[in-house]
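Okay, so here's the structure we're looking at.
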Amino acid sequence: MTSHDLPLGRHVDYPREYDASLLFPIERALGRAHLGLRDDALPFVGYDRWHAYELSWLDRRGKPRVGTATVSVPATSPHLIESKSLKLYLNSFNATAFDDEAAVLTTIARDLSAAAGAAVQVAAGLPAIGADEPSESIDELDVAIDDYGPPKAEHLAIESDTIVEERLSSALLKSNCPVTGQPDWARVTLAYRGPKLDRAALLRYLISFRDHAEFHEQCVERIHADLSQRTGPQWLSVEARYTRRGGLDINPWRGSPGLSPPRAGRDERQ
């Protein structure tokens, strides 16, 4: 595929048979270059965890089967997978016969690994809703807002030099698809150890993504990079859980090297 083949912002025929060529990989390096990040010296580890709610195929007798799946794409892969292309690709299974669910999942893992350029994990089922570690919401802070983009790292500040460990969350993160302009909604959770963050400043910063156009994965990497550079945490974890669109939701996570990933889960809005 070239950028001229991108299946966004135009009419696309419903796939009539399994077709791996529908997948559209995008170089991560393109977004990272704007942040001063290099693929060979990333300051974080992480993954992009996708939840697929509308997975279906035919058995060998032509009877439809349905299921769900969790997909994990490593942040170290040279490519991310564009979301509408992933939706179209999964829809291409709807009228294709497979031996069983295991064959479907194996095929998806193979094709996504080829597109991403790294091993992608695919498992049946979805994580539970409400199985998260507790966090403190900053959304009810009494803050006046007049900046909705582009994102301004200058908003970020520390409240004091006192070293703390805390988990903060906001359900007010919104950005836009860089191709279609459609809104992307998410709850973002930050866990860190370091100088105590100014929470009002953090909320202003997160809301400054509101009119910004960038892919989900790139937004999370921007948040991680801006917080790391502006507030100097000893370690930092950033996870965003985006609401479902087209039967898919995406949950990028980026954390300081050596961190364990957060507990897998889903939000009620997903």
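Residues in the sequence shown are numbered consecutively from 736, following our numbering.
The beta-carbon is built from N, C-alpha and C at its ideal position, and this holds for glycine as well.
The structure displayed is predicted, hence computed values, not measured ones.
Are there 16 or more other CB atoms within 10 angstroms of the CB of Arg795, so buried, or fewer, so exposed?
In the sequence shown, the residue the question calls residue 795 occupies position 60. By the neighbour-count rule (16 or more Cβ atoms within 10 Å), Arg795 is not buried but exposed.
Just the C-alpha distance for Phe779 and Leu770, rounded to the nearest angstrom, thanks.
Counting from 1 along the sequence shown, the entry for residue 779 is found at position 44. Counting from 1 along the sequence shown, the entry for residue 770 is found at position 35. Approximately 13 Å, taken between the alpha carbons.
Quick check on the DSSP output: what are the complete alpha helix (DSSP H) runs of length 4 or more inside the segment 835–916, in order along the chain?
836–851
Who pairs with Asp783 in a beta bridge, going by DSSP?
Working through the sequence shown from its first residue, we reach residue 783 at position 48. Partner(s): Val808 and Pro987.
Below 8 Å, can you find three or more Cβ-Cβ pairs linking the segment 827–834 to the segment 784–802?
Result yes; three or more Cβ-Cβ pairs closer than 8 Å.
Ala888 to Ser872 span [Cα, whole Å]
To locate residue 888, count along the sequence shown from 1; it is residue 153. To locate residue 872, count along the sequence shown from 1; it is residue 137. Whole-angstrom Cα-Cα distance: 20 Å.
Same chain, Cβ closer than 8 Å to Ala851, neighbours up to 5 away in sequence not counted
Reading the sequence shown from its first residue, position 116 is the one you call residue 851. Closer than 8 Å at the Cβ level, and outside the excluded window around Ala851, lie Pro760, Val808, Pro809, Ser812, Pro813, His814, Leu815 and Ile816.
Taking Cβ to Cβ, would you say Leu765 is nearer than 8 Å to Thr805?
Numbered from its first residue, the sequence shown carries residue 765 at position 30. Numbered from its first residue, the sequence shown carries residue 805 at position 70. No; because the gap between Cβ atoms is not below 8 Å, this pair is not in contact.
Specify the secondary structure class of Asp952 as computed by DSSP and reduced to three states.
Within the sequence shown, numbered from 1, the residue matching residue 952 stands at position 217. Note on residue identity: the sequence assigns Glu, not Asp, to residue 952. Residue state for Glu952 is assigned as helix, using DSSP reduced to three classes.
If you draw a straight line from the alpha carbon of Ala975 to that of His959, how long is it in whole angstroms?
On the sequence shown, residue 975 is found 240 positions in, with the first residue counted as 1. On the sequence shown, residue 959 is found 224 positions in, with the first residue counted as 1. Using only the alpha carbons, I get a separation of about 11 Å.
Let me check understanding here. Comparing Cα to Cα, which of Ala787, Tyr927, Arg980 and Thr915 lies closest to Phe992?
Translated into the one-based positions of the sequence shown, residue 992 becomes position 257. One point to set straight first is that residue 992 is Pro, not Phe, in the sequence displayed. When each option's Cα is compared against that of Pro992, the closest is Tyr927.
On the criterion of 16 or more Cβ atoms from any shown chain inside 10 Å, does Gly967 qualify as buried, or is it exposed?
On the sequence shown, residue 967 is found 232 positions in, with the first residue counted as 1. Exposed, since its Cβ has fewer than 16 Cβ neighbours within 10 Å.
Under a Cβ-count criterion, where at least 16 other Cβ atoms within 10 Å of its own Cβ denotes burial, should Val855 be classed as buried or exposed?
Residue mapping note: residue 855 aligns to position 120 of the sequence shown, counting from 1. Label assigned to Val855: buried.
Pairwise C-alpha distance: Thr978 and Thr915
Residue mapping note: residue 915 aligns to position 180 of the sequence shown, counting from 1. Residue mapping note: residue 978 aligns to position 243 of the sequence shown, counting from 1. Spanning the two alpha carbons is a distance of roughly 16 Å.
So, under 8 Å CB-CB, Arg784 and Asn986 are touching, yes? Tell me the CB distance rounded to an integer number of Å.
Along the sequence shown, read from residue 1 onward, the residue named residue 784 stands at position 49. Along the sequence shown, read from residue 1 onward, the residue named residue 986 stands at position 251. Correct: roughly 4 Å between the Cβ atoms.
7 Å Cβ shell around Ala776 - same chain, five flanking residues per side excluded:
Along the sequence shown, read from residue 1 onward, the residue named residue 776 stands at position 41. Once the five neighbours on either side are set aside, Ala776 has no close Cβ partner at all.
N- and C-terminal bounds of the beta strand (DSSP E) containing Leu932:
Sequence index remark: in the sequence shown, residue 932 carries index 197 (1-based). Unbroken beta strand (DSSP E) run through Leu932: Pro918 to Leu932.
What is the residue span of the alpha helix (DSSP H) that Tyr824 lies within?
One-based indexing of the sequence shown puts residue 824 at position 89. Looking at the DSSP string, the run of the alpha helix (DSSP H) that includes Tyr824 is Ser818 to Asn826.
From Val899, Val973 and Leu907, pick the residue whose C-alpha is nearest to that of Ile880; which is it?
Walking along the sequence shown from the start, residue 880 turns up at place 145. That would be Leu907, whose Cα lies nearest to the Cα of Ile880.
Can you grab the Cα-Cα spacing for the pair Asp946 / Ala936, in whole Å?
On the sequence shown, residue 946 is found 211 positions in, with the first residue counted as 1. On the sequence shown, residue 936 is found 201 positions in, with the first residue counted as 1. Cα to Cα, the separation comes out at about 18 Å.
Can you tell me the Cα-Cα spacing of Thr841 and Arg934, whole angstroms?
Looking up residue 841 in the sequence shown gives position 106. Looking up residue 934 in the sequence shown gives position 199. One alpha carbon belongs to Thr841, the other to Arg934, and they sit about 44 Å apart.
Is DSSP giving Ala975 helix, strand or coil here?
As a first step, residue 975 must be located in the sequence shown, where it is residue number 240. DSSP, reduced to helix, strand and coil, places Ala975 within a strand of the structure shown.
Give every residue of the same chain whose Cβ lies closer than 8 Å to the Cβ of Asp774, excluding the five residues on either side of it in the sequence, and list them in chain order.
By one-based count along the sequence shown, residue 774 stands at place 39. Within the same chain, Asp774 has close Cβ partners Arg763, Ala764, Arg767, Thr811 and Pro813.
So is Lys819 buried or exposed if we call it buried at 16+ other beta carbons inside 10 Å?
By one-based count along the sequence shown, residue 819 stands at place 84. With 16 or more Cβ atoms within 10 Å of its Cβ, Lys819 is classed as buried.
Give me the DSSP bridge partner(s) of Ile761.
Locating residue 761 in the sequence shown gives position 26, counting from the first residue. DSSP lists Leu815 as partners of Ile761.
Using CA atoms only, rank isn't needed, just tell me which of Val973, Gly1000 and Gly982 is closest to Leu994.
As a working mapping, residue 994 is identified with position 259 in the sequence shown. Taking only the C-alpha atoms, the option nearest Leu994 is Val973.
Would a C-beta distance cut-off of 8 Å place His786 and Arg1001 closer than the cut-off?
Here residue 786 refers to the residue found at position 51 when the sequence shown is read from its first residue. Here residue 1001 refers to the residue found at position 266 when the sequence shown is read from its first residue. The answer is yes: Cβ separation under 8 Å.
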